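Protein chains: 4
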Amino acid sequence: MHHAVLKKIGVIGPNKSGCSKELYDFGIELGKRLSSPGRIIVCGGLGGFMEAVCKGMKQSANTFFGQTIGILPDAVTDYANAYVDIPIATGMGIARNSIIINSSDIIIAAGGGAGTLSELAFAWQQKKTVLCVTQFEGWANELAGKNIDDRGNGLFVPVNTIDEILKYLDNL
Amino acid sequence: MHHAVLKKIGVIGPNKSGCSKELYDFGIELGKRLSSPGRIIVCGGLGGFMEAVCKGMKQSANTFFGQTIGILPDAVTDYANAYVDIPIATGMGIARNSIIINSSDIIIAAGGGAGTLSELAFAWQQKKTVLCVTQFEGWANELAGKNIDDRGNGLFVPVNTIDEILKYLDNL
Amino acid sequence: MHHAVLKKIGVIGPNKSGCSKELYDFGIELGKRLSSPGRIIVCGGLGGFMEAVCKGMKQSANTFFGQTIGILPDAVTDYANAYVDIPIATGMGIARNSIIINSSDIIIAAGGGAGTLSELAFAWQQKKTVLCVTQFEGWANELAGKNIDDRGNGLFVPVNTIDEILKYLDNL
Amino acid sequence: MHHAVLKKIGVIGPNKSGCSKELYDFGIELGKRLSSPGRIIVCGGLGGFMEAVCKGMKQSANTFFGQTIGILPDAVTDYANAYVDIPIATGMGIARNSIIINSSDIIIAAGGGAGTLSELAFAWQQKKTVLCVTQFEGWANELAGKNIDDRGNGLFVPVNTIDEILKYLDNL
Numbered sequence: 033m034h035h036a037v038l039k040k041i042g043v044i045g046p047n048k049s050g051c052s053k054e055l056y057d058f059g060i061e062l063g064k065r066l067s068s069p070g071r072i073i074v075c076g077g078l079g080g081f082m083e084a085v086c087k088g089m090k091q092s093a094n095t096f097f098g099q100t101i102g103i104l105p106d107a108v109t110d111y112a113n114a115y116v117d118i119p120i121a122t123g124m125g126i127a128r129n130s131i132i133i134n135s136s137d138i139i140i141a142a143g144g145g146a147g148t149l150s151e152l153a154f155a156w157q158q159k160k161t162v163l164c165v166t167q168f169e170g171w172a173n174e175l176a177g178k179n180i181d182d183r184g185n186g187l188f189v190p191v192n193t194i195d196e197i198l199k200y201l202d203n204l
Numbered sequence: 033m034h035h036a037v038l039k040k041i042g043v044i045g046p047n048k049s050g051c052s053k054e055l056y057d058f059g060i061e062l063g064k065r066l067s068s069p070g071r072i073i074v075c076g077g078l079g080g081f082m083e084a085v086c087k088g089m090k091q092s093a094n095t096f097f098g099q100t101i102g103i104l105p106d107a108v109t110d111y112a113n114a115y116v117d118i119p120i121a122t123g124m125g126i127a128r129n130s131i132i133i134n135s136s137d138i139i140i141a142a143g144g145g146a147g148t149l150s151e152l153a154f155a156w157q158q159k160k161t162v163l164c165v166t167q168f169e170g171w172a173n174e175l176a177g178k179n180i181d182d183r184g185n186g187l188f189v190p191v192n193t194i195d196e197i198l199k200y201l202d203n204l
Numbered sequence: 033m034h035h036a037v038l039k040k041i042g043v044i045g046p047n048k049s050g051c052s053k054e055l056y057d058f059g060i061e062l063g064k065r066l067s068s069p070g071r072i073i074v075c076g077g078l079g080g081f082m083e084a085v086c087k088g089m090k091q092s093a094n095t096f097f098g099q100t101i102g103i104l105p106d107a108v109t110d111y112a113n114a115y116v117d118i119p120i121a122t123g124m125g126i127a128r129n130s131i132i133i134n135s136s137d138i139i140i141a142a143g144g145g146a147g148t149l150s151e152l153a154f155a156w157q158q159k160k161t162v163l164c165v166t167q168f169e170g171w172a173n174e175l176a177g178k179n180i181d182d183r184g185n186g187l188f189v190p191v192n193t194i195d196e197i198l199k200y201l202d203n204l
Numbered sequence: 033m034h035h036a037v038l039k040k041i042g043v044i045g046p047n048k049s050g051c052s053k054e055l056y057d058f059g060i061e062l063g064k065r066l067s068s069p070g071r072i073i074v075c076g077g078l079g080g081f082m083e084a085v086c087k088g089m090k091q092s093a094n095t096f097f098g099q100t101i102g103i104l105p106d107a108v109t110d111y112a113n114a115y116v117d118i119p120i121a122t123g124m125g126i127a128r129n130s131i132i133i134n135s136s137d138i139i140i141a142a143g144g145g146a147g148t149l150s151e152l153a154f155a156w157q158q159k160k161t162v163l164c165v166t167q168f169e170g171w172a173n174e175l176a177g178k179n180i181d182d183r184g185n186g187l188f189v190p191v192n193t194i195d196e197i198l199k200y201l202d203n204l
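Chains as they are written, first to last, in the working numbering: chain A, 33 to 204; chain B, 33 to 204; chain C, 33 to 204; chain D, 33 to 204.
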């Protein structure tokens, strides 16, 4: 499939330390239902919510190689979660968050601390739409429906359920 | 002066388009009064609040070369504001915000849209103290006194005036 | 397929302006014959030799999605060649060359000017083996069989034909 | 002094492990004699040749603060050599070499292994003149007077002594 047809979906949210059991389970379910021939995900490649969505995708019936891209902070690929098909070793530390945003057509955010907040800020600067899940505490919920500054408007779309996310993506 | 003694103060805030006349004037005054032999500033090197603080420093009676460092997004130094002594051409675009934070001992934030928000998020991740000016609208005021996530506590110190900023810095 | 089993092959060589007809044709043939279920390529995502190898892979009988990764210099994916499955928009300019090297298990180099030379130098620093094609003029041929400095030894393996490349990869 | 008048001189060469006693001594002498009100140096901020030139500058009679800029690979400034006035913590690892080149008006290279070679390759891509010292073994000597590829011509100027370097700089 050509990359112009393919939809590249950024997935941002907490690492292991900030990811509740509920959010992890939501991530697995989201990954399973996101999985479709025309979609791949781009995430930070580590644990927590990133791992959950990758895991869900790889557990889906129609999974395929190349679905899960991990943009890693380290200069080696060793620390990618086990469900990343394609690990990218940036060696840039937390500055790699900008590459996740730049490489995504649209983004899904859930929960989230400071790392996720930096990604939301980059997404706004690059005028990317972010589907902000509202059912978990964190910056995705905090900023859902809000404008960060005057350069954009309405880019942070509140979504409450996986059904709403899929409906939004199907209508693109 | 050795760099371990020197205090490197990050300065973050809006570029030209997001910087009011009041904030620009505050920036000039801040730069003038910050200027002292033991302090240099590290900023994004462009217009608006960054330019104002650089300008104030260079207008101060005790200004010296090397006081104003501009960490630029471009791969050339041409777009640095006229008051930057040392322009660094990162060629990294908005990801350069992480370098401003990494290179600062302590940070002053005022006003601010999405770019400043990404810097505040990076500062939190790197556990740097940020003096958040509360008298201007923007993310510095919005997050003053708040905790971004559970990894830190009290790093975003509210300050209302230049006197408070100088008092805090003198007590370090 | 799990990324630890998968072989990630870096492909470095000239962009459009430095790529002869002969080298481009060699690249297409190389891509066709490299294509196998256990291999993906990581390249700079632009024209010339990078495009040729991507094109060959996508023309092979056993091509699959996710085989061709393009690590782009720009902050947008628009300038990826048409045969890149997964474009990564680094926004880092020429510094992105380090990410290509970091993300590869082993590298194939052919022809090459200054950009390729920077990649060869990074590969040496990261102690990655590079198969250096000797039948085309450029830095791959120039450095084949040589040691860049004392930190490594024998990392730049001379190879003259596609048969030799495949034999080396099969023996890993 | 305004940064457009100031000459920013890149200094590239081996780290501690690749720097002979002779090259270190040459670096100190070079630093001492380079020191003048209109010049600052931009280097990688670590040991070996970088440290020697910084040390020489700070030992010169007319030294001033801000003369020595260290563009560090780490996300912290702790590992800068003791003679760096202004340490920049990029957190980008070896990719930071591109920032040294981008931020320099002209470059001096001596000795050099793989790291220096990557910097020479970046300098060529950015069309920066490099004064290549020919009296020490390494990539600076190896490439002195040569063209890396067809995009430029004569950018790598052979120089044998500090007198020749100063003469070249004075004539700019």
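The beta-carbon is built from N, C-alpha and C at its ideal position, and this holds for glycine as well.
None of these values were measured; they are calculated from a predicted model.
Secondary structure at residue i, three-state DSSP: helix, strand or coil?
| i | result |
| --- | --- |
| Lys160 of chain D | coil |
| Val85 of chain D | helix |
| Met33 of chain A | The predicted model places Met33 of chain A with a pLDDT of 46, which falls under 50 and marks its position as unreliable; any figure quoted below should be read in that light. Coil. |
| Leu204 of chain D | coil |
| Lys64 of chain B | helix |
| Leu78 of chain A | coil |
| Ile180 of chain D | coil |
| Thr100 of chain B | strand |
| Phe154 of chain D | helix |
| Gly70 of chain A | coil |
| Gly59 of chain B | helix |
| Ala142 of chain C | coil |
| Gly123 of chain D | coil |
| Gly42 of chain D | strand |
Alpha carbon to alpha carbon, how far is residue i from residue j?
| i | j | result |
| --- | --- | --- |
| Arg65 of chain C | Ala121 of chain B | 42 Å |
| Ala114 of chain A | Lys90 of chain A | 10 Å |
| Ile140 of chain D | Glu196 of chain C | 40 Å |
| Ile44 of chain A | Gly80 of chain A | 10 Å |
| Ala84 of chain A | Val74 of chain A | 13 Å |
| Leu149 of chain D | Glu174 of chain D | 10 Å |
| Ala142 of chain D | Gly88 of chain D | 15 Å |
| Gly144 of chain B | Ala172 of chain B | 6 Å |
| Asn94 of chain D | Leu38 of chain D | 16 Å |
| Gly98 of chain B | Ser135 of chain A | 37 Å |
| Val165 of chain C | Gly147 of chain D | 23 Å |
| Thr161 of chain D | Asp106 of chain C | 25 Å |
| Ile133 of chain A | Lys199 of chain B | 39 Å |
| Met33 of chain C | Leu62 of chain A | Confidence at Met33 of chain C is low in this model, with a pLDDT of 46, below 50, so its placement is unreliable and the value that follows should be read with caution. Approximately 21 Å between the Cα atoms of the pair. |
| Pro67 of chain B | Pro119 of chain D | The question names Pro, yet the displayed sequence has Ser at residue 67 of chain B. Cα-Cα distance, rounded: 19 Å. |
| Ala158 of chain A | Val189 of chain A | Position check: residue 158 of chain A holds Gln in this sequence, whereas Ala was assumed. Approximately 15 Å, taken between the alpha carbons. |
| Asn47 of chain B | Cys86 of chain B | 13 Å |
| Tyr56 of chain A | Gly76 of chain B | 37 Å |
With 16 as the cutoff for other CB atoms within 10 Å, does residue i come out buried or exposed?
| i | result |
| --- | --- |
| Asn192 of chain C | exposed |
| Lys40 of chain D | buried |
| Lys178 of chain D | exposed |
| Lys53 of chain B | exposed |
| Asp181 of chain B | buried |
| Val108 of chain C | exposed |
| Glu151 of chain A | buried |
| His35 of chain B | Residue placement at His35 of chain B is flagged as unreliable, the pLDDT there being 48, under the threshold of 50; the coordinate-derived value follows with that caveat. Label assigned to His35 of chain B: buried. |
| Leu204 of chain C | exposed |
| Asp110 of chain D | exposed |
| Pro69 of chain B | exposed |
Check whether the Cβ atoms of residue i and residue j sit closer than 9 Å, and answer yes or no.
| i | j | result |
| --- | --- | --- |
| Gly42 of chain D | Ile194 of chain D | no |
| Phe11 of chain B | Gln167 of chain B | The shown model of chain B, from 33 to 204, leaves out residue 11 of chain B, and the question about it has no answer. |
| Leu78 of chain C | Gly102 of chain C | yes |
| Ala112 of chain C | Met124 of chain B | no |
| Leu201 of chain C | Arg71 of chain C | yes |
| Asn129 of chain B | Phe154 of chain B | yes |
Given 8 Å as the limit, tell me if residue i has its C-beta closer than that to any heavy atom belonging to the ligand GTP.
| i | result |
| --- | --- |
| Gly42 of chain A | The ligand GTP is absent from the structure shown, which contains no ligands of any kind. |
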